[in-house]
Amino acid sequence: MGISKKLETIYHNGQPDGIRSIRRSLSTMTTYVIPRPLLSEAKNITGINRHGIYYLINESEDNRIAQIYIGQTRNGILRLDDHNRSKDFWNKAIMFLAESKTFTLDMISGLEKYAIIKAQESKRYTVENSVVPKYEIDEYDLATVEEVYDEIQFIMATLGYKMNDAKAMQSEETVLHTTRNGIEAFGVYDGERFEVLEGSRIGRTEYKSLSPTIARQRRSALKNGDVTDVNSEYVLNKSMSFSSPSSAAMFVLGTSANGWVEWKSKDGKTLDKLFRK
Numbered sequence: 008m009g010i011s012k013k014l015e016t017i018y019h020n021g022q023p024d025g026i027r028s029i030r031r032s033l034s035t036m037t038t039y040v041i042p043r044p045l046l047s048e049a050k051n052i053t054g055i056n057r058h059g060i061y062y063l064i065n066e067s068e069d070n071r072i073a074q075i076y077i078g079q080t081r082n083g084i085l086r087l088d089d090h091n092r093s094k095d096f097w098n099k100a101i102m103f104l105a106e107s108k109t110f111t112l113d114m115i116s117g118l119e120k121y122a123i124i125k126a127q128e129s130k131r132y133t134v135e136n137s138v139v140p141k142y143e144i145d146e147y148d149l150a151t152v153e154e155v156y157d158e159i160q161f162i163m164a165t166l167g168y169k170m171n172d173a174k175a176m177q178s179e180e181t182v183l184h185t186t187r188n189g190i191e192a193f194g195v196y197d198g199e200r201f202e203v204l205e206g207s208r209i210g211r212t213e214y215k216s217l218s219p220t221i222a223r224q225r226r227s228a229l230k231n232g233d234v235t236d237v238n239s240e241y242v243l244n245k246s247m248s249f250s251s252p253s254s255a256a257m258f259v260l261g262t263s264a265n266g267w268v269e270w271k272s273k274d275g276k277t278l279d280k281l282f283r284k
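Quick note: the sequence shown, position 73, residue 80 per our numbering, numbers continuous.
Okay, structure coming up:
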């Protein structure tokens, strides 16, 4: 059994999808979740002008991160005014702001760089940062940076956003596969969402039985480079998350499919037998 963790959340305008501040017991930072339309309203919150790092995210209709930008701020929420004028893609900001004098500015710079690198390595979404800061993280600060990032990753997960490298899940969960019609794709299932892993081969043909929604998703992935044509085969360039095993199977196979029987473990057990015993 893991260590218990306690989070306290304040809903500042009384709405579950409105402005929220989140604090973990004994933590040295506070998380602020700010929908873009409520940016001006959020400026009235006490303590929201402290320094830290922030994520600007483009959240899709199924609450997944499609695009992300990571930056640091030395004046809290006021930094977002620049992005409100210059960046169109984002619809929500998540800020991790330190208590006064808890983090040095050097450590904030190190945390920004570390978070950008981790986001790029995860290959879960499009990272809008064009370059990684050249700042060198001091070896004495690195342990603290890693500890703080672990907390950031945990809180983001409670909000429904997975930040870890999807491939790393292979050592934590059963890797499933489907090989129908010569297609070879791999994925993992956590009981809620199905993750098709980077490097999976995707069927080129779209059959009439494929749902229009999945068909649009396939074409969008091909257009934006998430799927590329390699030696006449479609290959997934980053891991993709789906709301169900069946939608993941249909995306991979290009046809109507029951993911509970399509996805199988190494020893041939279907997902149905593994999760619906």
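All C-beta atoms, glycine included, are put in the ideal place defined by N, C-alpha and C.
Where residue i falls, given that 16 or more other Cβ within 10 Å makes a residue buried
| i | result |
| --- | --- |
| D233 | buried |
| G59 | buried |
| K169 | buried |
| F282 | exposed |
| I17 | exposed |
| Q127 | exposed |
| R92 | exposed |
| P252 | buried |
Closer than 7 Å: residue i CB and nearest the ligand NAD heavy atom
| i | result |
| --- | --- |
| V234 | The model depicted lacks the ligand NAD and carries no ligand whatsoever. |
DSSP state of residue i mapped onto helix, strand, coil
| i | result |
| --- | --- |
| Q79 | strand |
| A264 | coil |
| K141 | coil |
| K99 | strand |
| S254 | helix |
| K280 | helix |
| S246 | coil |
Rounded distance between the beta-carbons of residue j and residue i, thought under 8 Å
| i | j | result |
| --- | --- | --- |
| I77 | I123 | 5 Å |
| T38 | I29 | 4 Å |
| G210 | L278 | G210 to L278, Cβ: 19 Å. No contact. |
| I72 | W97 | The pair is not a contact, with the Cβ atoms about 10 Å apart (cut-off 8 Å). |
| L183 | G167 | Actually they do not touch by this definition, with Cβ atoms about 22 Å apart. |
| L87 | L46 | 6 Å |
**OP:** Decide yes or no for the touch test of the stretch 153–166 against the stretch 222–231: beta carbon pairs closer than 8 Å, at least 3 of them.
**Re:** A contact is defined here as three or more CB-CB pairs under 8 Å, and the stretch 153–166 fails this definition with respect to the stretch 222–231.
**OP:** Could you pull out every unbroken alpha helix (DSSP H) segment of at least 4 residues lying fully inside the stretch 179–243, listed in chain order?
**Re:** Runs of the alpha helix (DSSP H) inside the stretch 179–243: 219–230.
Original post:
Can you list the beta strand (DSSP E) stretches of 3 or more residues lying completely in the stretch 13–83, in chain order?
Top reply: The stretch 13–83 contains these whole beta strand (DSSP E) runs: 14–18, 27–31, 36–42, 59–66, 72–80.
**OP:** Would you mind listing the alpha helix (DSSP H) stretches within the stretch 101–165 that are 4+ residues and don't spill past its ends, in chain order?
**Re:** Correct list: 112–129, 146–165.
Subject >> At least 3 beta-carbon pairs within less than 8 Å: the stretch 39–46 vs the stretch 101–119 >> reply: Contact between the stretch 39–46 and the stretch 101–119 is present: three or more C-beta pairs spanning the two stretches fall below 8 Å.
**OP:** Flag this pair as touching only if the stretch 131–150 and the stretch 80–87 have three or more C-beta atom pairs under 8 Å; answer yes or no.
**Re:** With a cut-off of 8 Å, the stretch 80–87 and the stretch 131–150 do not count as touching, because too few Cβ pairs lie within range.
Original post:
Using 8 Å as the threshold, is the stretch 197–212 in touch with the stretch 227–247, meaning 3 or more CB pairs across them?
Top reply: Touching, yes.
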